[in-house]
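Chemist:
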DNA sequence: AAATATAATATGCGATATCATATAAAACAA
DNA sequence: TTGTTTTATATGATATCGCATATTATATTT
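Chains as they are written, first to last, in this note's numbering: chain Y, 1 to 157; chain B, 1001 to 1157.
(1) Return the bridge partner residues of residue 133(Y) from the DSSP annotation.
(2) Which residues mark the beginning and the end of the beta strand (DSSP E) in which residue 107(Y) is found?
(3) May I ask you to report which of helix, strand or coil DSSP gives residue 42(Y)?
(4) Please say whether residue 122(Y) and residue 40(Y) have beta carbons closer to each other than 7 Å?
(5) Which residues in chain B sit within 9 Å of residue 95(Y), going by Cβ to Cβ distance?
(6) Determine the chain B residues that contact residue 106(Y) at a beta-carbon separation under 9 Å, and present them in chain order.
(7) Cα separation between residue 1052(B) and residue 100(Y)?
(8) Counting contacts by CB-CB distance shorter than 7 Å, is residue 1116(B) in contact with chain Y?
(9) Which residues in chain Y have a C-beta closer than 7 Å to the C-beta of residue 1034(B)? List them in chain order.
(10) What separation, rounded to the nearest whole angstrom, lies between the Cα atoms of residue 1114(B) and residue 1144(B)?
(11) Suppose you measure from the CA of residue 64(Y) to the CA of residue 1016(B); what does that come to, to the nearest Å?
(12) Do residue 146(Y) and residue 1025(B) have their C-beta atoms within less than 7 Å of each other?
(13) Can you tell me whether residue 86(Y) is helix, strand or coil according to DSSP?
(14) Check this for me: beta carbons of residue 1158(B) and residue 29(Y), under 7 Å apart or not?
(15) Indicate whether at least one CB of chain B lies closer than 7 Å to the CB of residue 77(Y).
(16) In chain Y, which residues lie less than 8 Å from residue 1143(B) when you measure between Cβ atoms?
(17) Just the chain B side, please: which residues come within less than 8 Å of residue 120(Y) by C-beta, in chain order?
(18) Would a check of beta-carbon distances place residue 38(Y) closer than 7 Å to chain B?
(19) Can you tell me whether residue 1082(B) is buried or exposed, with buried defined as 16 or more other CB within 10 angstroms of its CB?
(20) Chain B partners of residue 154(Y), CB-CB under 7 Å?
(21) Do residue 22(Y) and residue 1127(B) count as a contact pair if the criterion is CB distance below 7 Å?
(22) Indicate whether the contact test is met: 3 or more Cβ pairs, each with one atom in the region 75 to 89 of chain Y and one in the region 42 to 57 of chain Y, closer than 8 Å.
(23) Using only alpha-carbon positions, find the residue among 1131(B), 1148(B), 1125(B) and 1077(B) that is nearest to residue 135(Y).
(24) Just mark residue 138(Y) as buried or exposed, buried being the case when its beta carbon has 16 or more other beta carbons within 10 Å.
(25) Flag this pair as yes or no: are the beta carbons of residue 1106(B) and residue 1130(B) separated by less than 7 Å?
(26) By DSSP, does residue 18(Y) sit in helix, in strand, or in coil?
(27) Any residues in the region 1123 to 1143 of chain B with a beta carbon nearer than 9 Å to a beta carbon of chain Y? Which ones, in chain order?
(28) Please decide whether residue 41(Y) counts as near chain B, where near means a Cβ-Cβ distance under 7 Å.
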């Protein structure tokens, strides 16, 4: 309690750049909001990159590594290592693509699918709480903007 | 070209969870958009955490470590190490707080302030391009939402 | 004042992330 | 075919990150 009595001089400078900078606002909002949920995730013994992989595979099983890395917002070689760990834990399996044997497709195991389901349920519940906490009854506009932004950026770089 | 002829089965599954999940949309939009600018940053020989520190200090010089870490979206011990590096490069200086000598306040050097200025200029230009690219003429609503979100989340955890 | 508790930063170490490149398969060119 | 280029994933070395805790300073209690 009384956390910031001595920090009067350092807060509240109004004319800053970052406060109005779109990329900072996005990063900051994402950081804070995801931070909340990531605690839950770790409480379930799952790392953030693993959660992302589980969620992406649940939506779309059998993705190839490169693609999955893109969706799970991580670099390819890191995903490879994450998959190594998840394979050891019995959450996913690798299967090489018959048509193109360079490709490796990743599938949820039974156990992985179950865990993914649980976590998605938790995520939905958390999202609901978050939106209520924000006092917004309609968030579709914001989601629309973000989706538009993602689509635009994915299609030209 | 013809990038995704063989990936028909893996794209475009409509009923996914993540596509509509607020935290994923935020993380993804932030990741893609910041990714663009971070290339510029690294082109200038600056690491992402360093850029965040520079920008935060430019808005508010002389912050103490804990605070600065919060604003720069990084963990305290990591910031300490980042500051070590930035000090060696002559971008910032440490000065211990006279009133409370546990505290260490971080200040931009002349060189650091100059670099921060340049980067902020680049950031503004990039933001302008980005918003134009998105075809939005008014983005204040979105920024308002994000600011509200940040404020809400900062004030209760 | 002495003892104890709390706070701010730094440090060591293990885990994670990233870069460059190796390996392997496929596509393309000669 | 053979050689060359491109694509997909894996690997190894290095840097970064984060946790737990050490260190130092202040606040609080006795």
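Note that the Cβ used here is the ideal one computed from N, Cα and C, for glycine as well.
Modeler: In terms of the structure at hand:
(1) Along the first chain, read from residue 1 onward, the residue named residue 133(Y) stands at position 133. Beta-bridge pairing links residue 133(Y) to no other residue.
(2) Counted from its first residue, the first chain places residue 107(Y) at position 107. Start and end: 104 to 108.
(3) Within the first chain, residue 42(Y) is the residue found at index 42, counting from 1. Three-state DSSP puts residue 42(Y) in a helix.
(4) On the first chain, position 40 is the one that residue 40(Y) refers to. On the first chain, position 122 is the one that residue 122(Y) refers to. For residue 40(Y) and residue 122(Y), yes; Cβs fall inside 7 Å.
(5) In the first chain, counting from the first residue as 1, residue 95(Y) sits at position 95. Neighbours of residue 95(Y) on chain B: none; closest Cβ ~13 Å, over 9 Å.
(6) Here the question's residue 106(Y) lines up with position 106 in the first chain. What residue 106(Y) touches in chain B: nothing, since even the nearest Cβ is about 11 Å away.
(7) Reading the second chain from its first residue, position 52 is the one you call residue 1052(B). Reading the first chain from its first residue, position 100 is the one you call residue 100(Y). Cα to Cα, the separation comes out at about 43 Å.
(8) The residue labelled residue 1116(B) in the question sits at position 116 within the second chain. Judged by the 7 Å Cβ criterion, residue 1116(B) is not in contact with chain Y.
(9) Stepping through the second chain from its first residue, residue 1034(B) is reached at position 34. Those within 7 Å of residue 1034(B) in chain Y are 23 and 27.
(10) Numbered from 1 along the second chain, position 114 holds the residue referred to as residue 1114(B). Numbered from 1 along the second chain, position 144 holds the residue referred to as residue 1144(B). Answer to the nearest angstrom: the Cα atoms are 30 Å apart.
(11) Within the first chain, residue 64(Y) is the residue found at index 64, counting from 1. Within the second chain, residue 1016(B) is the residue found at index 16, counting from 1. Cα to Cα, residue 64(Y) sits roughly 17 Å from residue 1016(B).
(12) Taking the first residue of the first chain as position 1, residue 146(Y) is located at position 146. Taking the first residue of the second chain as position 1, residue 1025(B) is located at position 25. Yes; because the gap between Cβ atoms is below 7 Å, this pair is in contact.
(13) Residue numbering aside, residue 86(Y) sits at position 86 when the first chain is read from its first letter. Residue 86(Y): helix per DSSP, three-state reduction.
(14) Lying before the first or after the last residue shown, residue 1158(B) is absent from chain B, which here runs from 1001 to 1157.
(15) On the first chain, position 77 is the one that residue 77(Y) refers to. No, residue 77(Y) does not count as interfacial toward chain B.
(16) For the purposes of this step, residue 1143(B) is identified with residue 143 of the second chain, where counting begins at 1. In chain order: 20, 22 and 25.
(17) Locating residue 120(Y) in the first chain gives position 120, counting from the first residue. The answer, in chain order, is 1017.
(18) Position 38 of the first chain, counted from the start, is the residue given in the question as residue 38(Y). Not closer than 7 Å to any Cβ of chain B, the Cβ of residue 38(Y) fails to qualify, so no.
(19) Counted from its first residue, the second chain places residue 1082(B) at position 82. Under this definition residue 1082(B) is a buried residue.
(20) Walking along the first chain from the start, residue 154(Y) turns up at place 154. Those within 7 Å of residue 154(Y) in chain B are 1032.
(21) Mapped onto the second chain, residue 1127(B) falls at position 127. Mapped onto the first chain, residue 22(Y) falls at position 22. Going by C-beta atoms, residue 1127(B) is nearer than 7 Å to residue 22(Y).
(22) yes
(23) Along the first chain, read from residue 1 onward, the residue named residue 135(Y) stands at position 135. Measuring from the Cα of residue 135(Y), the nearest candidate turns out to be 1148(B).
(24) As a first step, residue 138(Y) is located in the first chain; it is residue number 138 there, counting from the start. Exposed, since its Cβ has fewer than 16 Cβ neighbours within 10 Å.
(25) Position 106 of the second chain, counting from 1, holds the residue named residue 1106(B). Position 130 of the second chain, counting from 1, holds the residue named residue 1130(B). Contact flag unset, no.
(26) Within the first chain, residue 18(Y) is the residue found at index 18, counting from 1. Residue state, collapsed to three classes: helix.
(27) Flagged, chain order: 1123, 1124, 1126, 1127, 1130, 1131, 1133, 1134, 1135, 1136, 1139, 1141, 1142 and 1143.
(28) Here residue 41(Y) refers to the residue found at position 41 when the first chain is read from its first residue. No, its Cβ sits nowhere closer than 7 Å to a Cβ of chain B.
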